[in-house]
Structure formats: structure tokens, C-alpha cells
Amino acid sequence: MNMTGKKVITYGTFDLFHVGHYRLLERAKKLGDFLIVGITSEEYDKARGKLNVQQSLTERIENVRKTNLADLIIVEEYEGQKIEDIKKYNVDIFAIGSDWIGKFDYLKEYCEVVYLERTREISSTELRNKTFGILKGGIVGYGRIANRFVEEARYVSGIDITGVFGRNKAKADEFMKTYSLEFSTTDYNEFLDRIDVVYIATPHDTHYEYAQRAMTKGKHVLCEKPLTLSKKDSEELYNLAERNNVVLLEGIKTAYCPGFNRLINVAKTGIIGSLVGISASFTKLVPHDAREFKYDQFGGSVTELASYVLLPGIRLFGCDYEEVLFYPVFDQKDNVDIFTTIILIYENNHVLNGTVGIKAKSEGSLIITGTEGYIYVPSPWWKTQYFEIRNDYGEAVKRYALQFDGEGLRYEIAELVRLVQSRNLETHHLKKEESITMSEIIEKFLLQYRP
Ligand code: C2G
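Going by the working numbering, the sequence shown opens with residue 3, and the numbers climb by one from there.
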């Protein structure tokens, strides 16, 4: 092999090879005389938290080989390998798509780093067949969580975030530019016509309308929690999803992450005997200018955080609770609850005791009490990475460590893509009745304390 001249290296998964990948390789090649392409191994993708990769390493290598653009193909197997490769092959330029801007600046110590503008329009018709097409995702809203969403979606194969909708044109444009999206618009119908799946990240009371309009047009929906603020609205949305054959997911990230699902399954095995009580807390100190304190946008700790603490109760004790009691502490100035204790009572006095807070801080742990021991999940239990089974003396008798990557939104995104691709409309991670029960509980709170 003649490895003379300027050497360029690039890396990627290259799953479901598309025009964006091709153009990236083409431009990388033009930067020099010799192009090395590193293709991520299955193990490495797992380790860096990339989800839902559909083709095997062999197929993905074949995707790149067929382009005839790579002079050398290597496999990327571990964190830190890039530095090693650059030194080993005497690489002059490291090139990667602009969705990674800044992330690889650490390589500047070893070679030149070039971020190439990513391709905004990836839909090449022959690649978009029904079973394997790359879904076009659109975001409704451009706030904090929407930013995290785009970043997390990069780690899910099979979806490409292409557009953003928002009422403020300047802000939507700005969001589009930051993430090199294909388009931004203030026209919701136009937005829906250009995408396959919608992520709704706007204030709580707007969820219903955005989700309803999207599903009416046959679009799949991932909606931030709480799905809606009433039982009836949530029921209507799930019925509409069923009628229109689309996926509707409530985005409670904990529900989809591997650690939490393992925790629920372990608890159900009887390892701590029969379950008698659950105590879960999620509190944070939210800056005062945030949406969470706005009365007219249904701010408050219950609407904001109850979904998390109710989740272990509903997953373990079910949807048939007997009573729910709330003990809210109100902030007189803003008229929103800043700290609330929620007591969910089931048959035989099995109780979930949940505390939520947006201007009060407590330990964020989860404890599941059984007749033969307990499960302890340290803070932040809602990003479940670790839990242990403890005995009568509080000693850990068994420990579990599970992966939780990034902000954790990638797990719900991966579940959405999986459901759409498999034409399976309901997730087992958060069933329709479970999601509706949460809306019902939040509605009871609002009726009692926000008449
Ligand atoms: N790409 C692009 N345009 C798109 C999609 C992807 O230019 N519409 C680029 C990416 O920026 C990347 C390359 O194509 O440079 C491969 O993309 P992926 O297969 O998604 O791989 P990725 O997860 O970005 O891996 O070590 C791996 C690297 O960190 C990148």
C-alpha cells in the first residue's frame, strides 16, 4: 500500500449508509491524498452509548468499501483509539461531520481537525424503503430540553433530526443553525408535512394540541412528560394513536433506561420478599426565572416532577390505587407548589411515598421495601446506574451496575425508532394505562389545588 502524501482520517458507524455519509467521505478524501476510515465496532458503539445500530460491522464495512473512497478501512474498538491511530498512521488531518463541532478539539494536539458541514437533506429515495428508512424527526420547541434532545438523538441510529417548529421565528432559526438542521418553521402544518416523527418539548398545557394535530396527520409522537394534564385528554390521545396506527410515547426518560428496567424486574423476582412500600424523591433547586415557576404555564413541582416518583409505584404496584393524597407547600409569591409529598395508597396499605420539589432540596434516592430486605438506589435514582439489595443490617448483599449514557434521552428515542420500525405500537416500558394513570393523578392535584 502506498501511503504517501497527505493523510486524512475519519470515523463513523456508517449504519444504513446514506447520502450524508457519502458526501462526508467524498469531502474528507478531497482534503488529502490518502483516506483512512475507522468504522466503529459493535462493542465500541455499545460502550459509547450508541443505540439501535441495525447493520453488522461486516455490512457497515461493506457500505464504506463500495464507495471506493477509502484507501484503508480500520475498525474503531475503544475510547482513545483515535489518538493512537493518528500517531500510528502519521495522520495529517482528522475530519468529521459538523454535528460533532468542538467534541474532537482535543485531537488538535496531534493533527489538524476539520469539521465538515453535515448534509442536511439525507433522504435519498432508494434508501428510504419502508422497513429500513431513516426516520425524519422534528422538534416542537427550542428550549433546554430540545437542545439535549438533538444531542442525544445523534447516538441513535435510524433517526435524523431535520427540522424545528416554534412560534418565535428568530429563536427557531437560531436553533436550526446551531444544530445544522434542514429547516425551521413557524407553520405547524408545513412542519408536519416534512417529518415522520415529532418530539414535543413545549410547556405542559400545549402538549395535547401539538400531539393531536401530529397524529391526525399520521405522524408518530414522543411527548415530554406530563403527556397532558387530564385523564380524558391522555385517553383521547392514545385512542387517536390507535385509530391512526401511530406510536405515542410519553417521554419519561427513566422508564426507558436499562438500569430502571432491570431494577423493576429484579424487585419482581421476590429477592426482597413481597413488596410493601416504596419511597422515592426527586427535588431540585430550579432558577427562579424558569418556566417551572410560571403559574399560567402550569408550573410547580407536581406537574414538573410527579411523573418520575409515581413511576416506580405504578410499575410495581400497578394502576389500581385506592387513594391519592397530596401535601403541597406553596410559594405564596408565584402560587405554585415548590415541594409536595404524594401518598399513593394501594390495597392492604401498600404505599408509595413520593416527594418532589423545585425549590427545596432533599436526598434523591429510591427505596423499595420488602418483607425480606430492601433495594436501595442512590441519587440520582431517576438516571438509574446502580442499585443494591440490602439486608436487615443495611448491608449490600448484591450490587447491580448498569449503563446510563449522556442525559438518558437516547433510550426513549431508541424505543420510538424501534417501535416505528417494527410496526409495534405499544411499548412495554410504559403502558398506555400507566401513562393515563399518571395524568389522572396530576389532574386530581390540579383540581384540588388549582380550582
Ligand atoms: N454525517 C453527515 N451528514 C449526515 C449524517 C452523518 O455528514 N446527514 C457524517 C457524521 O457527521 C460523521 C459521519 O457522517 O462524520 C458518520 O456518521 P455516523 O455513521 O452517524 O457515525 P457517528 O456516530 O457520527 O460516529 O468514533 C465515531 C465518531 O465519533 C462518529
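In this text, a Cβ means the ideal position worked out from N, Cα and C, and glycines have one as well.
Whether Ile360 touches Val311 by CB criterion (8 Å): no
Residues of its chain near Leu74, where Cβ-Cβ distance is below 6 Å and the 5 sequence neighbours each way are ignored: Ile38
Contact check, Leu457 vs Tyr376, beta carbons under 8 Å: The chain is shown from 3 up to 453; residue 457 falls before or after that span and cannot be answered.
Per-residue DSSP class, three states only, for Ser283: strand
Closest Cα partner of Ile316 within the set Asn337, Glu294 and Tyr348: Tyr348
As assigned by DSSP and simplified to three states, the class of Gly261: helix
Member of Glu417, Gly139, Glu445 and Val422 whose CA lies at the smallest distance from the CA of Phe432: Per the sequence presented here, residue 432 reads as Leu, with Phe not at that position. For Leu432, the nearest C-alpha among the options comes from Glu417.
8 Å Cβ cutoff, Glu436 in contact with chain B: In the displayed structure, chain B is absent; only one protein chain is listed.
Where Ser192 falls, given that 16 or more other Cβ within 10 Å makes a residue buried: The question names Ser, but residue 192 is Glu in the sequence shown. By the 10 Å Cβ count, Glu192 comes out exposed.
4-residue-minimum alpha helix (DSSP H) runs that sit fully inside the region 208–258, ordered along the chain: 209–218, 233–245 and 255–258
Contact under 8 Å by Cβ, Ala213 with Leu194: No Cβ-Cβ contact shorter than 8 Å links Ala213 with Leu194.
Which of helix, strand or coil DSSP assigns to Ala403: strand
Contact check, Val77 vs Thr15, beta carbons under 8 Å: no
Closer than 7 Å: Arg425 CB and nearest the ligand C2G heavy atom: no
Helix, strand or coil at Thr15 [DSSP, three-state]: coil
Under 8 Å between C-beta atoms of Val116 and Ile85: no
Whole-Å CB distance - Phe300 paired with Asp336, under 8 Å assumed: With 8 Å as the limit, Phe300 and Asp336 do not qualify as a contact, their Cβ atoms being about 12 Å apart.
Between the CA atoms of Ser437 and Val268 - distance to the nearest angstrom: 22 Å
Closest Cα partner of Lys434 within the set Arg146, Arg420, Ala243 and Ile197: Ala243
Start-to-end residues for the beta strand (DSSP E) that takes in Leu318: That residue, Leu318, is in no beta strand (DSSP E); its alpha helix (DSSP H) goes Ser303 to Phe319.
Whole-angstrom distance between Leu251 and Val152, CA atom to CA atom: 17 Å
The ligand C2G heavy atom lying under 7 Å from the CB of Asp17: Checking the Cβ of Asp17 against the ligand C2G gives yes.
Pair within 8 Å by beta-carbon distance, Val223 and Val200: yes
Closer than 7 Å: Glu114 CB and nearest the ligand C2G heavy atom: Answer for Glu114: no, Cβ out of range of the ligand C2G.
Anticipated Cβ contact below 8 Å, Glu226 with Ile147, distance rounded: 6 Å
Distance cut-off 7 Å: His23 Cβ against heavy atoms of the ligand C2G: yes
Pairwise C-alpha distance: Gly34 and Ala398: 57 Å
Beta-carbon spacing of Ser100, Leu71 below 8 Å: It is not a contact, given that the beta carbons lie outside the stated cut-off.
Endpoints, beta strand (DSSP E) assigned at Tyr201: Val199 to Ile202
Test item: CB-CB of Ile202 and Thr164 under 8 Å: Cβ distance not < 8 Å, so Ile202 and Thr164 don't count as in contact.
Residues that Gly99 bridges to, as DSSP identifies them: Leu118
Exposed unless 16 or more other CB atoms sit within 10 angstroms - verdict on Gln387: buried
Sequence-distant residues of its chain with Cβ nearer than 8 Å to Lys400 (five each side left out): Around Lys400, the same chain offers Ile273, Glu390 and Ile391 as residues with beta carbons nearer than 8 Å, after the five sequence neighbours per side are excluded.
Cβ shell of Thr429 (< 7 Å), same chain only, five flanking positions each side left out: Leu251, Glu417 and Leu421
At least 3 beta-carbon pairs within less than 8 Å: the region 356–374 vs the region 272–290: Contact between the region 356–374 and the region 272–290 is present, because at least three Cβ pairs lie under 8 Å.
Local Cβ density within 10 Å of Asn131, reported as buried at 16 or more and exposed below that: The predicted position of Asn131 is uncertain, since its pLDDT is 44 and thus under 50; a value taken from the coordinates is nonetheless stated next. Exposed, because fewer than 16 other Cβ atoms sit within 10 Å of the Cβ of Asn131.
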